[in-house]
Amino acid sequence: MVPPMPPRIVSRKEHRISRRQISPNALRTLYRLRDNGFVAYLVGGCVRDLLLGRTPKDFDIATDAAPGQLKRLFRNCRLVGRRFRLAHLHFQDEIIEVSTFRSAAPVDEGEAGKTEEDHRPPRHLKDEDGMVLRDNVFGTPEEDALRRDFTINALAYNIADFSVIDHSTGLVDLEQRLIRPIGDPYVRFTEDPVRMLRAVRFAASHGFVIEPATWDVLCELSPTITRASSARLYEEVLKLFLLGSAGPVFPLLEESGLGPALFPGLGGGGDENGRRSIVQANLAGLDRLCRNGTPPNAPLCFAALFGPDLEEAALARHRDGVPRQQALDAACAVFFEALCRTVSVPGRIGSQLRAILALQPLLQRQPPRRPARMVHRPEFADGLGYLRLAAETSAERRPVVAWWDAFLSGDAPPTGKEAPVAETPAKQRRHRRRRPRPATVAAS
Ligand code: ATP
Ligand code: MG
Numbered sequence: 000m001v002p003p004m005p006p007r008i009v010s011r012k013e014h015r016i017s018r019r020q021i022s023p024n025a026l027r028t029l030y031r032l033r034d035n036g037f038v039a040y041l042v043g044g045c046v047r048d049l050l051l052g053r054t055p056k057d058f059d060i061a062t063d064a065a066p067g068q069l070k071r072l073f074r075n076c077r078l079v080g081r082r083f084r085l086a087h088l089h090f091q092d093e094i095i096e097v098s099t100f101r102s103a104a105p106v107d108e109g110e111a112g113k114t115e116e117d118h119r120p121p122r123h124l125k126d127e128d129g130m131v132l133r134d135n136v137f138g139t140p141e142e143d144a145l146r147r148d149f150t151i152n153a154l155a156y157n158i159a160d161f162s163v164i165d166h167s168t169g170l171v172d173l174e175q176r177l178i179r180p181i182g183d184p185y186v187r188f189t190e191d192p193v194r195m196l197r198a199v200r201f202a203a204s205h206g207f208v209i210e211p212a213t214w215d216v217l218c219e220l221s222p223t224i225t226r227a228s229s230a231r232l233y234e235e236v237l238k239l240f241l242l243g244s245a246g247p248v249f250p251l252l253e254e255s256g257l258g259p260a261l262f263p264g265l266g267g268g269g270d271e272n273g274r275r276s277i278v279q280a281n282l283a284g285l286d287r288l289c290r291n292g293t294p295p296n297a298p299l300c301f302a303a304l305f306g307p308d309l310e311e312a313a314l315a316r317h318r319d320g321v322p323r324q325q326a327l328d329a330a331c332a333v334f335f336e337a338l339c340r341t342v343s344v345p346g347r348i349g350s351q352l353r354a355i356l357a358l359q360p361l362l363q364r365q366p367p368r369r370p371a372r373m374v375h376r377p378e379f380a381d382g383l384g385y386l387r388l389a390a391e392t393s394a395e396r397r398p399v400v401a402w403w404d405a406f407l408s409g410d411a412p413p414t415g416k417e418a419p420v421a422e423t424p425a426k427q428r429r430h431r432r433r434r435p436r437p438a439t440v441a442a443s
């Protein structure tokens, strides 16, 4: 634990946070807590982002009100979490998370202080390697700040006097654009390996640098990321790639060793560097989608990340004589089997990714067969999305994308036998010859 030191308090006049930037629901919540005699702070990433002039993703509040008191104070309150009760305040278009100040594990807590009769489960629990399994103890505002992951995430905005409170070195690190854990990086990354992913995510999304000694520890501990639960890692991977900084995050994952640990099947085989630069360009394409207000979904994200490898692996099988779709199925099956041991990608997302890749040869056929039908396929939008990403690094796919764009805007010339725009699925059905059904099937 970090020894206590007096906090740095920055008064309302000396910082840039204006209440106009704070969500009205969060403000109302802070005022109500304050007016009822409770301490109430905005905490976490929102304070960091407000100080940087960025729009926070969400607003979190910490208070000395206990969960039961919160429940009584707010009619729209739902208590969630079994171990540590958090309050979710439900507003029309927003959920504000309110948590009671909480402490980290004290250094001397453990079996030593227990009496023989004390058989209650410990409120703090680490496994034998130091990973935190349980930490559900209320604490002081200072303890609450020091249990947070990084100094820049431990700042608080006090509604009582509108000051910013810094119990560590968050304000200095914010100025120097540094990601620095609170306390010993080795201990903090061991307690919760997901903090390593959070470090690279914030470095990428905010253009910050991971403090050099921390970076060294992160590279050393990167293989331990697999100790986090695969379900949690799936959620974190989505945050890494879907929030607009997939491009800068990828090299950090690669260099630190987090990427190879998370995605064991990625890379390897012939022309690995070539595929890596394709993935890098695909990820930059995902970020462009975010900037244009059309953020990608999980299947497209995984197609951008794993598509080049899977297409290569499928092609290798196809060259060995396996039919194209079967080759793709086999390549996907092998890859996902390995991946799900670390990152549990839901089966539904894996199937959608497979469908995106299976559509590629059909999209790329020039002219495509029955294009008007193809656009009704559920995987069409993502399939074309993937083709667009791939066209950035593949000259031969660019005219294909141009063909589809023209077709979708109604400009494509008729192709061969059918006039694509006029064609409808209903018309297609009329022309299809009926196959006589066997009597048994007809009767059932
Ligand atoms: P974002 O902009 O992605 O929301 P954030 O910093 O607000 O960034 P959250 O996941 O919303 O991230 O978490 C809110 C706060 O909770 C963090 O700022 C940090 O103080 C604390 N926190 C989150 N995850 C951890 C963790 N694994 N260990 C310690 N503290 C954490
Ligand atoms: Mg947040």
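No gaps in the numbering here: position 337 of the sequence shown is 336 in numbering that gives the first Met the number 0, and each next residue is one more. Using N, Cα and C, we set each Cβ at its ideal position, and we do this for glycine too.
| query | result |
| --- | --- |
| Chain-ordered residues, beta carbon under 7 Å from a heavy atom of ligand 2 | Gly43, Gly44, Cys45, Pro55, Lys56, Asp57, Asp59 |
| Under the three-state DSSP convention, the category serine 162 falls into | strand |
| Close Cβ partners of arginine 290 (< 8 Å) along its chain, the five nearest in sequence each way excluded | Gly243 |
| CA-to-CA distance, proline 398 to arginine 27, given in whole angstroms | 54 Å |
| With 16 other Cβ atoms within 10 Å as the buried cut-off, status of isoleucine 95 | buried |
| Bridge-paired residues (DSSP) for threonine 99 | Thr62 |
| For leucine 251 and valine 199, believed in contact at Cβ under 8 Å, the rounded distance | 4 Å |
| Reduced DSSP category for arginine 53 - H, G, I as helix; E, B as strand; rest coil | coil |
| Validate contact between the stretch 178 to 185 and the stretch 202 to 222 using beta carbons, cut 8 Å, 3 pairs | yes |
| Proximity to alanine 245 [Cα-Cα], best of Glu271, Leu282, Val321 | Leu282 |
| Separation of histidine 89 from asparagine 24, as counted between CA atoms | 9 Å |
| CB of leucine 494 within 9 Å of CB of isoleucine 8, strictly | Lying before the first or after the last residue shown, residue 494 is absent from the chain, which here runs from 0 to 443. |
| Length at least 4, wholly inside the stretch 322 to 392: the alpha helix (DSSP H) runs in chain order | 323 to 338, 346 to 363, 370 to 373, 379 to 390 |
| Where isoleucine 277 sits in the DSSP three-state scheme | helix |
| For asparagine 157 and isoleucine 16, the rounded distance between their alpha carbons | 11 Å |
| Alanine 202 to glutamate 210 span [Cα, whole Å] | 10 Å |
| Alpha helix (DSSP H) segment containing histidine 205, residue limits | 193 to 205 |
| DSSP-derived helix/strand/coil call for alanine 421 | With a pLDDT of 34 at alanine 421, under the threshold of 50, the modelled position of that residue is not reliable, and the figure given next carries that caveat. Coil. |
| Inter-stretch contact (C-beta, 8 Å, three-pair minimum) for the stretch 187 to 197 and the stretch 43 to 53 | no |
| Buried or exposed (CB count within 10 angstroms, at least 16 for buried), alanine 394 | exposed |
| Backbone secondary structure at arginine 74 - three-state DSSP | coil |
| DSSP-derived helix/strand/coil call for glycine 109 | Caution is warranted here: a pLDDT of 37 is assigned to glycine 109, below 50, making its placement in the model unreliable, and the coordinate value is therefore given only provisionally. It is coil, neither helix nor strand. |
| Closer than 8 Å: alanine 153 CB and nearest ligand 1 heavy atom | yes |
| Which of helix, strand or coil DSSP assigns to alanine 86 | strand |
| Contact belief for glycine 382 with isoleucine 348 at Cβ below 8 Å, rounded distance in angstroms | So it is not a contact: roughly 15 Å between Cβ atoms. |
| Residue environment, threonine 341, which counts as buried when at least 16 other CB atoms sit within 10 Å | buried |
| Arginine 146 versus alanine 380: straight-line alpha-carbon distance, rounded | 43 Å |
| Helix, strand or coil at phenylalanine 149 [DSSP, three-state] | strand |
| Proximity of phenylalanine 73 and serine 22 at Cβ, strictly below 9 Å | no |
| Secondary structure of phenylalanine 406, DSSP reduced to three states | helix |
| C-beta atoms of leucine 262 and leucine 220 nearer than 9 Å | Before going on, a small fix: residue 262 reads as phenylalanine here, not leucine. Cβ atoms of phenylalanine 262 and leucine 220: not closer than 9 Å. |
| 9 Å Cβ cutoff met for alanine 389 and isoleucine 277 | yes |
| Reference arginine 274; option with closest CA among Ala155, Ala153, Thr392 | Thr392 |
| Same chain, Cβ closer than 7 Å to alanine 39, five either side skipped, listed in chain order | Leu29, Leu32, Arg33, Ile60, Thr62, Ile158 |
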